[in-house]
Structure formats: C-alpha cells, structure tokens
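Each protein sequence line maps, in turn, to chains B and D. If you read the first sequence in numbering that gives the first Met the number 0, its first letter stands for residue 0, the second for the next number, and so on. If you read the second sequence in numbering that gives the first Met the number 0, its first letter stands for residue 0, the second for the next number, and so on. Every residue gets a Cβ at the ideal spot worked out from N, C-alpha and C, and that includes glycine. One structure below.
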Amino acid sequence: MKRYGTLIFASGLAFLLFVMFAALPLGAPPMTVGHAILDQAASQVGAANIVTSVVLAYRGIDTLGELSILFAAASAVGLIMGHARHDKPAGAPGGFILRAGVDLLYPLILMVGFYIILHGHLTPGGGFQGGVALAAAIILAVLARPGDLPSHAALSWVEGLAGAGFIATGLAALAYGHAFLTPLLTGERLGALVSAGTLPVLYIAVGLKVGAELASLLSRFTEEAAQ
Amino acid sequence: MSDFSLIALLGCAIGLIGIGFAGLVLGRNLFRIVLALSIAEAGANLLLILVGFRYGGIAPILEPGRTVANMVDPVPQAMVLTAIVIGVGVQALALALAIRARNAYGTLDMRLLRERMESDIDRAAGTTPDTSRQAPAGTRPLPPPLLAKREPLS
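Structure representation (structure tokens):
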C-alpha cells in the first residue's frame, strides 16, 4: 500500500514540476541579472571565466557560507566516526598494479589539481574542482599504502590556514574601504594567468581547503573500513 | 537545440528527481537511500542548469572573438557549483551515519535496523515491548478486564 502511495506521490511531484517548468521560457531565459553580470563582469572583476566572477566576487559571501557548510560536514563526520586507534592493524596494502600506478600518477594528479585551481579564473574549473582532484591524489595514495595515512593534524592545519586566508583576503578589501570580499587589484589584463586581482588567491585558498577537507573525510572512512 | 530535445532534457531532470524521491521513501537499504538522495540532487542540478540555457548559447567565458550577447546565464551555473559541493558534504555525513548504524546494529536494512533499535530503546527504558503503553494502538495488548467475567443472565 505504501509502495503505491509513494509511486503516486513521486509521479504527482514529477507532473507538478514538469507543468511548472514547461511554463517557463526555457531556451530563452529573461536573464535580468545574468545580462547585467555578463556586461559588467569584464570591467568590474576582470576574470575571463564569468562563472568564477559570480562565485567569488558577486556571491563571495555565499561561497564563504558554502565553505563553512563543508567544514561543518567534515567536522560532523569526524565527530561521528571518532578517532581511529593507531595500534590497530591497517588495511591490506594495494596490489602491485595499484602501487606502481599510484607512484607514477600521484605527482601528475597533484599537478592537474593545481593547474585547475590556478586557471580557475580563465577556464572552466576552479578551487572546488581542483581541490577534489587533490583529494583524489591523496586518497589514491592512501588506498595503495594504508599504513601511512596522512596525519589529520597536518590536514587540519592546511584547512584552517586556507580558510583563514580566504577570510583575510576578504578583510583586506575592508581595509581598502570596499565591502567584504570585494575583488582587489583587478587590472586590465583580461585572460592573462596573473589577472583578476585577488580572485586566484581566493581560489587557491578554496582549493587547498576543499582538498584537505575531502582528503581527511576519505581517510577517516578508510580508517573506519580498516578496523 | 530544438524545442523537443529541451523538453526531453526537462523530462529527464524531473524524472531523476522523481526516481530519487521514490527511492528515498521505498528504499530499505540505508546505502541505497543515500544513493537515491544523490540521484535526486543530480536531477535538481540538471534542472537549474536547464533554466539558464538559451538557444545558441555559448559558455560564459570571455575570449577574443566571443561576444557577451549570446552567452548562457552564469548565475545558475554558479549556483549548481555551490549545490554540488554541498551535496558532497551531505553525502559524506549520511554515509558516516550509515557506517555508525551498521557498526552498532550489524545491518543496513531499515526494517531490521528499526526492530533492533526499538528493542534497544525498550531494554534501556526497562520495559518489554509487549507491555509498553507507548506502543501503537494496534500492537499493544488490551488491558485486563476490570470486572470479572459477567455471569450470563439466566
């Protein structure tokens, strides 16, 4: 009975959403905010990637809130999982192929991660995506050799310093008389690697924070699985 | 992109949301419920991206030879970027809770989990499920009759 009720509810919800969204001007959105941002982003922020301008400049405080949500989730996972006991035997090491592959790929994945972070204001990508790539590199190393897990203290330091760097960059704008998180030093060099002022700095902070957070999350899961 | 394919994409996004919701309610395995949540989230993200799409639109990245006039709306894309990251946080938290539940009760099955959890609560409260007055009306035993059985009138 519950099953049929649920199916009716889900299809009713889908129908409701479909009717609502089919009435929208799909394919030709009004873009009242979007047009203003597209017109002014180049001169106001100076980042070639306009999505980055939105994420870090126009909605920078929102990104700060998002980082704090991620931080809260990571702390809650740490709280729930508790501290791993290190006298317990770690999980079995990965096979030869995994270990050899990780040795080869680890620096390359790290490099790709940093590339994505540093080019976040020019190409699709940025701190969040690059941070996930960094975390992937670390978790691959953990899977290959569960014995030497990354120390949570080091990851917490990276995470804390990156978060403090993000807020400090925002506060620096206050010191110059702008609003919190206003991009500074936005030059005219649109499309250059060193452009868009403080946006790359913010994205480096975001990338390191996300990478450290996800790596500590995943290594907590690995520790739990090993026990 | 034609109008038909746009409607088809809309149907896909909404279908993903519907599948996710159905899985959330019908799923019995905790891990599958987390997966259903992430399916619904993917549908919602696709829906947001679709709202910002325009016919003949290009990615909102400034390059020589590209005009601002026919770029897609960057605001929904930034919002989806946010939503994906928050989704990862939610999933990690849900998985941590599922792992804890499995360590404590040895199963991920919702029914078994509920049974074992309730018997745990009963034991901690010092009651047995059969005599608990808090049990739902259908399952709790009827109180003993106050009066002795009435003698049939002769």
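Out of the options, state which residue places its alpha-carbon closest to the alpha-carbon of residue i.
i, options, result
"B:Ile-166", "B:Ile-60, B:Ser-150, B:Gly-81 and B:Leu-154", "B:Ile-60"
"D:Gly-26", "D:Asn-102, D:Met-70, D:Asp-108 and D:Ile-16", "D:Asp-108"
"B:Gly-112", "B:Ala-9, B:Val-209 and B:Leu-12", "B:Val-209"
"D:Pro-75", "B:Ile-36, B:Ala-72 and B:Ser-10", "B:Ile-36"
"D:Gly-42", "D:Asn-28, D:Val-33, D:Leu-9 and D:Arg-99", "D:Leu-9"
"B:Pro-182", "B:Val-54, B:Lys-1, B:Leu-16 and B:Leu-23", "B:Val-54"
"B:Gln-43", "B:Leu-173, B:Ala-13, B:Thr-197 and B:Val-205", "B:Thr-197"
"B:Ala-21", "D:Gly-17, D:Ile-13 and D:Asn-69", "D:Ile-13"
"B:Gly-164", "B:Phe-220, B:Leu-66, B:Glu-223 and B:Ala-99", "B:Leu-66"
"B:His-118", "B:Ile-203, B:Leu-23 and B:Thr-31", "B:Ile-203"
"D:Val-87", "B:Val-101, B:Ala-71, B:Leu-78 and B:Leu-97", "B:Ala-71"
"B:Leu-189", "B:Pro-145, B:Ser-52 and B:Phe-17", "B:Ser-52"
If you draw a straight line from the alpha carbon of residue i to that of residue j, how long is it in whole angstroms?
i, j, result
"B:Gln-128", "D:Ile-120", "44 Å"
"B:Val-131", "B:Ile-108", "11 Å"
"B:Ala-191", "B:His-120", "9 Å"
"B:Ser-215", "B:Pro-29", "42 Å"
"B:Pro-199", "D:Phe-20", "39 Å"
"B:Gly-94", "B:Ala-140", "12 Å"
"B:Tyr-105", "B:His-177", "41 Å"
"B:Ala-91", "B:Ala-143", "9 Å"
"B:Met-19", "B:Val-157", "45 Å"
"D:Leu-23", "D:Leu-15", "12 Å"
"B:Leu-173", "B:Ala-152", "31 Å"
"B:Phe-179", "B:Ala-99", "47 Å"
"B:Ala-9", "B:Tyr-114", "42 Å"
"D:Ala-58", "B:Tyr-57", "18 Å"
"D:Gly-64", "B:Leu-12", "44 Å"
"B:Thr-62", "D:Thr-126", "50 Å"
"D:Gly-17", "D:Val-33", "15 Å"
With which residues is residue i paired in a DSSP beta bridge?
i, result
"D:Met-70", "D:Ile-57"
"D:Asp-119", "Beta-bridge pairing links D:Asp-119 to no other residue."
"B:Asp-61", "According to DSSP, B:Asp-61 bridges with nothing at all."
"B:Asn-48", "D:Ile-60"
Looking at residue j and residue i, is the spacing between their C-beta atoms short of 9 Å?
i, j, result
"B:Ser-155", "B:Ala-46", "no"
"D:Leu-36", "D:Val-89", "yes"
"B:Ile-137", "B:Gly-124", "no"
"D:Leu-61", "B:Asn-48", "yes"
"B:Met-80", "D:Arg-110", "no"
"D:Asn-44", "D:Val-71", "no"
"D:Ala-77", "D:Glu-40", "no"
"D:Phe-3", "B:Gly-26", "no"
"B:Ala-211", "B:Ala-161", "yes"
"B:Gly-206", "B:Gly-126", "yes"
"D:Tyr-104", "D:Leu-96", "no"
"D:Leu-29", "B:Val-76", "no"
Tell me which residues of the segment 141 to 168 of chain B have at least one Cβ-Cβ distance to chain D shorter than 7 Å, keeping chain order.
Shown here is that no member of the segment 141 to 168 of chain B has a Cβ falling below 7 Å from a Cβ of chain D.
Which residues, in chain order, does the segment 93 to 121 of chain D contribute to contact with chain B at a C-beta distance below 9 Å?
The residues in question are Leu-94, Ala-95, Leu-96, Ile-98, Arg-99 and Asn-102.
Counting only Cβ-Cβ distances shorter than 8 Å, please list the residues of the segment 59 to 74 of chain B near chain D, keeping chain order.
Cβ contacts with chain D come from Asp-61, Thr-62, Glu-65, Ile-68, Leu-69, Ala-71, Ala-72 and Ala-73.
Taking only beta carbons into account, state which residues of the segment 31 to 44 of chain D come closer than 8 Å to chain B, listed in chain order.
Under the 8 Å Cβ criterion, the segment 31 to 44 of chain D contributes no residue.
Note down, in chain order, all residues in the segment 12 to 30 of chain B with a beta-carbon under 8 Å from any beta-carbon belonging to chain D.
Closer than 8 Å at the C-beta level to chain D, one finds these residues of the segment 12 to 30 of chain B: Leu-12, Ala-13, Leu-16, Phe-17, Phe-20, Ala-21, Leu-23, Leu-25, Gly-26, Ala-27, Pro-28 and Met-30.
Using a Cβ-Cβ cut-off of less than 8 Å, give me the residues of the segment 13 to 30 of chain D that come near chain B, in sequence order.
Cβ contacts with chain B: Ile-13, Gly-14, Ile-16, Gly-17, Ile-18, Phe-20, Ala-21, Val-24 and Leu-25.
Of the residues that make up the segment 49 to 60 of chain D, which ones have a beta carbon closer than 8 Å to any beta carbon in chain B?
Those would be Leu-49, Val-50, Gly-51, Phe-52, Arg-53, Tyr-54, Ala-58, Pro-59 and Ile-60, in chain order.
In chain order, what residues of the segment 29 to 43 of chain B put their CB closer than 7 Å to some CB of chain D?
Taken in chain order, the members of the segment 29 to 43 of chain B whose beta-carbon sits within less than 7 Å of a beta-carbon on chain D are Met-30, Val-32, Gly-33, Ile-36, Leu-37, Asp-38 and Ala-41.
Report the residues of the segment 192 to 217 of chain B with a CB closer than 9 Å to any CB of chain D, ordered along the chain.
Under the 9 Å Cβ criterion, the segment 192 to 217 of chain B contributes Val-209, Glu-212, Leu-213, Leu-216 and Leu-217.
The segment 47 to 59 of chain B: positions lying closer than 7 Å to chain D by Cβ:
The residues in question are Ala-47, Asn-48, Ile-49, Val-50, Val-53, Val-54 and Arg-58.
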